[in-house]
Amino acid sequence: MNEATRIQPAPAAELGASGEEFQNLHEFVRKARAKLNQNAWDYIAGAAETETTLRRNRMALDEIAFRPRVLRNVAKVDASVELFGRKLRLPVMLAPVGALEMFDPGAGGSVARAAQRFGAVHMLSSVTEPGLEKVAEAAPGALRMYQLYVRGGDDFVEDQVSRAIASGYTAFCLTVDTAHYSRRERDIAKRYVRESRVRATGGDFQKGLEWRTVKLIKDKYKIPLVIKGIATAEDAAIALDHGVEWIYVSNHGGRQLDHGRGAMHVLPEIAAAVAGRARIMIDGSFCRGTDIVKAIASGADLVGIGRLQCWALAAAGEPGVLRMLELLEDEVIRCLGLLGVTSFAELDKSYLHAATPTNLPDVFSAFPLLDIEPYRY
1 MNEATRIQPA
11 PAAELGASGE
21 EFQNLHEFVR
31 KARAKLNQNA
41 WDYIAGAAET
51 ETTLRRNRMA
61 LDEIAFRPRV
71 LRNVAKVDAS
81 VELFGRKLRL
91 PVMLAPVGAL
101 EMFDPGAGGS
111 VARAAQRFGA
121 VHMLSSVTEP
131 GLEKVAEAAP
141 GALRMYQLYV
151 RGGDDFVEDQ
161 VSRAIASGYT
171 AFCLTVDTAH
181 YSRRERDIAK
191 RYVRESRVRA
201 TGGDFQKGLE
211 WRTVKLIKDK
221 YKIPLVIKGI
231 ATAEDAAIAL
241 DHGVEWIYVS
251 NHGGRQLDHG
261 RGAMHVLPEI
271 AAAVAGRARI
281 MIDGSFCRGT
291 DIVKAIASGA
301 DLVGIGRLQC
311 WALAAAGEPG
321 VLRMLELLED
331 EVIRCLGLLG
341 VTSFAELDKS
351 YLHAATPTNL
361 PDVFSAFPLL
371 DIEPYRY
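Residues in the sequence shown are numbered consecutively from 1, following our numbering.
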């Protein structure tokens, strides 16, 4: 790897986040709850309609147990991976989240800088401030991807791809699971409409999105293409036929189609259909180191962190996101070592076993020490 592209990690303490303040991941959630108003809290904690898909995301993870191997030398465990010609400390992507400015004034810039300092991937949402060029300026050395909601015709799409390439984004992502905006009943019950939703225009272009736009991008541009929102083997196969390099397994964190399958229920089907012909990323309630290990063992290459990213950002800004990544890394390294492997390269599905969940799934069920009621106002 070229030294010029190496990301130099820095401890969160250098940015002012105390390791003593945040020693467990659930502590970010508790502090975020204390700082956020109800509208911002519901935006990130909630999902669509009955929030069934959100719960199934956690259930799908909790239905997987480990099969550890013992008497192996695990004195040195390396949680890093190489992707896009870069060494990353973890196979983790700070997933695209709209309206990050609700959680921290620096919004996408703060998250991108944390990703750069740690050595993780950042994917910027097209509906997050301060925009693709300014985020690129804020974190020029980060491995950055850009995710688009289509709000115009072919000219609009081409302009967005061209700008992303010009600003040094490593990959371009097209979100395809938002043809219709879902019913977010937490907001509806309060009669609350986010200002960004009021300003939003061009929704009919997302509703009319077809595979022809994927072909347009692949025919005209060399940048790797990610399709976000793939939930079936059939659509994964079509994406492969179009030359898509990354299949992004996602149900939008349960925020779009209610009563969908959990993301980890979908992953084995997608991995079998892809069969190594493309890379796979996934998100959907991943918030512990063990979650990341389960996904990689099941065939994913990169794991998106969404809600936990927002709680860390709300709790302590850029330093909070950096500290959150450090804690995830600690959990991952311990998990790999206890499984009897020294790297992700040694991991496969033989280390996994189907199991009965022990907790009722909800948005916080990964944090049993957290004393927050998720659904009561």
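Note that the Cβ used here is the ideal one computed from N, Cα and C, for glycine as well.
Given a threshold of 16 other Cβ atoms within 10 Å of its Cβ, counted over all protein chains shown, does residue i qualify as buried or as exposed?
| i | result |
| --- | --- |
| R210 | Per the sequence presented here, residue 210 reads as Glu, with Arg not at that position. Result: exposed. |
| S162 | exposed |
| A34 | exposed |
| K220 | exposed |
| V266 | buried |
| I188 | exposed |
| V321 | buried |
| D348 | exposed |
| G98 | buried |
| N37 | exposed |
| H26 | buried |
| T53 | buried |
| Q23 | exposed |
| T386 | Residue numbering for the chain in the displayed model covers 1 to 377; residue 386 lies beyond these limits and cannot be assessed. |
| S350 | exposed |
| L71 | exposed |
| R385 | The question about residue 385 has no answer here: the residues shown for the chain are numbered 1 through 377. |
| G119 | buried |
| K73 | Strictly speaking, residue 73 in this sequence is Asn, with Lys absent from that position. The residue is exposed, with fewer than 16 neighbouring Cβ atoms inside 10 Å. |
| T178 | buried |
| V193 | exposed |
| D241 | exposed |
| G106 | buried |
Which residues in the same chain have their Cβ closer than 7 Å to the Cβ of residue i, if we skip the five residues on either side of it in sequence?
| i | result |
| --- | --- |
| R186 | D42, G46 |
| L338 | P68 |
| I333 | V77, A79 |
| I247 | I227, I230, A236, A239, I270, V274, A278, I280 |
| G306 | A95, V97, G253, D283 |
| R89 | P9, A79, S80, F118, G119, A120, E329 |
Short of 8 Å in beta carbon distance, which residues of its chain neighbour residue i, apart from the five on each side in sequence? Order them along the chain.
| i | result |
| --- | --- |
| A139 | G109, A112, R113, A115, Q116, H122 |
| D303 | Reading the sequence as shown, one finds Val at residue 303 and not Asp. Cβ within range, chain order: P91, V92, M93, M281, I282, D283, F286, D291, I292, A295, I296. |
| D154 | T213, L216 |
| V176 | L209, I227, K228, G229, I230 |
| M1 | Here the model assigns M1 a pLDDT of 36, short of 50, so the residue's position is not dependable and the matter cannot be decided. |
| G254 | A47, A48, E51, T52, T53, L54, R55, R56, N57, G260, G284, S285 |
| I372 | V29, R30, R33, F364 |
Measure the beta-carbon distance from residue i to residue j and round it to whole angstroms, keeping in mind my assumption that it falls under 8 Å.
| i | j | result |
| --- | --- | --- |
| L143 | S285 | That pair is no contact at about 23 Å. |
| R56 | R261 | 6 Å |
| L352 | I64 | 5 Å |
Keeping to the same chain, check which residues put their C-beta closer than 6 Å to that of residue i; ignore five residues upstream and five downstream.
| i | result |
| --- | --- |
| K103 | The identity of residue 103 in the sequence shown is Phe, whereas the question assumes Lys. Closer than 6 Å at the Cβ level, and outside the excluded window around F103, lie C310, L313, A314. |
| E3 | With a pLDDT of only 34 at E3, under 50, the local geometry of the prediction cannot be trusted, and the value read off the model is given with reservation. Result list for E3: empty, nothing under 6 Å. |
| Q160 | L148 |
| S343 | D78 |
| L360 | none |
| G289 | L328, E331, V332, C335 |
| Y146 | L124, L132, A164, Y169, F172 |
| P224 | A171, E245 |
Does any heavy atom of the ligand ZN sit closer than 7 Å to the C-beta of residue i?
| i | result |
| --- | --- |
| E20 | Annotation note on the ligand ZN: not contained in the displayed structure, which lists no ligands. |
Specify whether the region 63-77 and the region 361-368 touch according to this definition: at least 3 beta carbon pairs, one from each stretch, less than 8 Å apart.
-> no
May I have a chain-ordered list of the alpha helix (DSSP H) segments no shorter than 4 residues that lie completely inside the region 171-227?
-> 185-190, 195-199, 203-207, 211-220
Segment contact flag, the region 130-138 with the region 167-181, C-beta cutoff 8 Å, min 3 pairs | yes
Which parts of the region 268-352 are runs of the beta strand (DSSP E), unbroken and 3 residues or longer, counting only runs that do not cross its ends?
-> 279-282, 302-305
Where in the region 35-59 do unbroken runs of the beta strand (DSSP E), each at least 3 residues long, occur, reported from the N-terminal end onward?
-> none
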